[in-house]
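Have a look at the structure below before the remarks.
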Amino acid sequence: MSGSRVYLSISIDCECDKGPQWQVARPLSFRGVKGGMAERLHPLFMSHRARPTYLLSAELFDDAESLEVLRDLGRSAELGTHLHGEFVPPDAFVPNETKAFQRDYPAALERAKLTALTDSFRRAFDRKPTSFRAGRFGIGESSLTILRELGYAVDSSVTPFIDWSDKGTPLSFDGAPTQPYHPDERAPERVGDSPLLEVPVTIRPARLRGLPAIGRKLEPRWLRPSWGTPEGIVAVAIDEIRAARRFQADRVVVLNAMFHNVEVVAGASPYAKDEGGVRAILQRLDALLSFAAREGIDVVGLTDIAELVGS
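Our numbering applies: residue 2 is where the sequence shown begins, and numbers increase by one.
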């Protein structure tokens with residue numbers, strides 16, 4: 002069906018452990034790194050010859066055991082950055098929940114925090130990061146310019162069909178492209194001329210979205226193993242491939258799945274309360290990886306996407 006000109010990125014937000022309502026674990030703990038990433042996720046990726054992208058929040062750099070694990074994983078995965086501004090200087094602190102949207106910071110403060118995060122990554126891994134996702138997907142009119150000036154090649158903060166305005170900030174990606182594009186740096190949801198590549202999270206509209214009475218009330222469908230069924234996550238991938246090729250049958254197509262590392266640790270996120278929930282997430286992820294293998298779809302890093310289709 003898809004041939005060799007489809008690529009899959011699996012981009013994972015990696016953070017300290019959370020709780021059933023996304024509250025930060027106290028004291029800080031990092032079961033999601035060793036127990037989640039090293040023991041559950043990465044062996045699954047390696048069994049499928051898949052290259053994941055781990056997007057790292059700043060608190061991981063301050064935990065020696067996590068850093069050792071991440072350096073090892075970085076041999077066969079892409080490592081990028083993920084900003085939850087509460088954890089990053091200036092004015093860093095350990096929050097009860099990570100609620101901040103970086104788009105709401107004054108531009109100078111956003112720049113300072115992104116610079117500090119990037120410098121922490123460089124000190125930890127002796128190289129600069131090239132891929133990024135904003136915490137809570139909260140990029141704004143200054144974010145992409147700052148990222149470009151810091152040397153990033155790829156952002157993956159755009160969530161098509163999603164309006165986040167009810168979360169406390171006027172942020173909407175409804176109408177954004179679903180395939181990679183060079184954005185308008187002042188309006189990341191729009192196509193522009195930035196050399197930075199935007200790789201949106203793969204999201205499809207609800208199947209009945211066009212119905213006036215109920216369409217807008219139905220949730221969009223994410224390429225995400227956090228919920229649903231194995232068949233459902235594969236269906237989202239197939240729908241995006243077909244939609245992307247509706248007017249150009251031979252175009253390159255990119256799929257971008259996302260979730261959090263802590264989702265595969267029981268009780269460390271809202272998505273897996275117990276081991277059964279963890280196994281269900283891993284089964285859905287395995288179904289997506291197996292689909293990619295059957296269809297000849299390479300699983301590559303976010304920065305690989307920029308090199309493959311960025312022009």
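Virtual Cβ for every residue (Gly too), placed ideally from N, Cα, C.
* Can at least three beta-carbon pairs, one atom from the region 23-42 and one from the region 152-167, be found at a separation below 8 Å? -> no
* Asked: Sorted by chain position, which residues of the same chain lie with C-beta nearer than 6 Å to Gly-302's C-beta, five sequence neighbours on each side aside?
  -> Here residue 302 is taken as the residue at index 301 of the sequence shown, counted from 1. Excluding positions up to five away in sequence, the list reads Arg-52, Thr-54, Glu-79.
* According to DSSP, is Glu-87 helix, strand or coil? -> Within the sequence shown, residue 87 is the residue found at index 86, counting from 1. In this structure, Glu-87 counts as helix in the three-state DSSP scheme.
* To do: Enumerate in chain order the residues of its own chain whose CB-to-CB distance from Val-254 is below 6 Å, with the five nearest sequence positions on each side excluded.
  => By 1-based counting over the sequence shown, the position of residue 254 is 253. Result list for Val-254: Val-7, Ile-242, Ala-245, in chain order.
* Arg-76 lies in the alpha helix (DSSP H); which residues open and close that run? -> Within the sequence shown, the letter at position 75 stands for residue 76. It is not in any alpha helix (DSSP H) - Arg-76 carries neither H nor E in the DSSP assignment.
* Between which two residues does the beta strand (DSSP E) carrying Glu-190 extend? -> If you number the sequence shown from 1, residue 190 lands on position 189. Start and end: 188-192.
* To do: Measuring alpha carbon to alpha carbon, tell me which of Glu-60, Pro-44, Gln-103, Val-25 ends up nearest Leu-148.
  => Here residue 148 corresponds to residue number 147 of the sequence shown, with the count starting at 1. Answer by Cα proximity: Gln-103.
* Within this structure, are the beta carbons of Glu-333 and Cys-17 separated by less than 8 Å? -> Residue 333 is absent from the model: the chain starts at 2 and stops at 312.
* Return the chain-ordered list of same chain residues with a C-beta closer than 6 Å to the C-beta of Thr-170, the five sequence neighbours on each side being excluded. => Here residue 170 is taken as the residue at index 169 of the sequence shown, counted from 1. Closer than 6 Å at Cβ, skipping near neighbours: Phe-102, Asp-105.
* DSSP on Glu-220, reduced to helix/strand/coil? -> Working through the sequence shown from its first residue, we reach residue 220 at position 219. Looking at Glu-220 - three-state DSSP - the assignment turns out to be coil, as it is neither helix nor strand.
* Simplified DSSP state of Asp-18, which is helix, strand or coil -> In the sequence shown, counting from the first residue as 1, residue 18 sits at position 17. Coil.
* Between the Cα of Asp-92 and the Cα atoms of Leu-115, Ser-77, Val-300, which residue gives the shortest distance? -> As a working note, residue 92 is residue 91 in the sequence shown. When each option's Cα is compared against that of Asp-92, the closest is Leu-115.
* Asked: Just checking, does the region 108-122 make contact with the region 170-181 on the three C-beta pairs under 8 Å criterion?
  -> no
* Might you give, ordered along the chain, the residues of its own chain that have their beta carbon closer than 6 Å to the beta carbon of Ile-11, omitting 5 neighbours on each side? => On the sequence shown, residue 11 is found 10 positions in, with the first residue counted as 1. Correct list, in chain order: Pro-53, Ala-258.
* Excluding five sequence neighbours on each side, which residues of the same chain lie with their C-beta closer than 7 Å to the C-beta of Ala-177? -> Working through the sequence shown from its first residue, we reach residue 177 at position 176. Excluding sequence neighbours, Ala-177 sits near Val-159, Pro-161, Glu-190, Pro-201.
* Return the chain-ordered list of same chain residues with a C-beta closer than 6 Å to the C-beta of Phe-62, the five sequence neighbours on each side being excluded. => Locating residue 62 in the sequence shown gives position 61, where the first residue counts as 1. Taken in chain order, the residues that qualify are Ser-121, Ala-125.
* Candidates Ser-132, Ala-294, Pro-96: closest to Glu-308 by CA position -> In the sequence shown, the residue the question calls residue 308 occupies position 307. Closest option to Glu-308, Cα to Cα, is Ser-132.
* Asked: Between Ala-108 and the rest of its own chain, which residues show a CB-CB distance below 6 Å, the 5 nearest in sequence each way excluded?
  -> Along the sequence shown, read from residue 1 onward, the residue named residue 108 stands at position 107. Correct list, in chain order: Ser-143.
* Asked: Among Val-89, Arg-134, Arg-128, which has the Cα closest to the Cα of Leu-110?
  -> As a working note, residue 110 is residue 109 in the sequence shown. Ranking the options by Cα distance to Leu-110, first place goes to Val-89.
* Asked: Is Thr-304 buried or exposed, if buried means 16 or more other CB atoms sit within 10 Å of its CB?
  -> As a working mapping, residue 304 is identified with position 303 in the sequence shown. Under this definition Thr-304 is a buried residue.
* Same chain, Cβ closer than 6 Å to Tyr-272, neighbours up to 5 away in sequence not counted -> The residue given as residue 272 occupies position 271 in the sequence shown. Contacts found: Ser-227, Glu-264.
* The beta strand (DSSP E) with Met-259 in it runs from where to where? -> To locate residue 259, count along the sequence shown from 1; it is residue 258. Here the beta strand (DSSP E) through Met-259 covers 254-261.
* Using DSSP with H/G/I as helix, E/B as strand and the rest coil, what is Pro-271? -> The count along the sequence shown starts at 1 and reaches residue 271 at position 270. In this structure, Pro-271 counts as coil in the three-state DSSP scheme.
* In terms of residues, what are the limits of the alpha helix (DSSP H) holding Ser-291? -> For the purposes of this step, residue 291 is identified with residue 290 of the sequence shown, where counting begins at 1. Counting along the chain, the alpha helix (DSSP H) containing Ser-291 begins and ends at 276-296.
* Asked: In its own chain, which residues sit with a C-beta less than 7 Å from the C-beta of Asp-240, not counting the 5 before and 5 after it?
  -> Numbered from 1 along the sequence shown, position 239 holds the residue referred to as residue 240. Counting only Cβ-Cβ distances below 7 Å, and skipping sequence neighbours, we find Arg-205.
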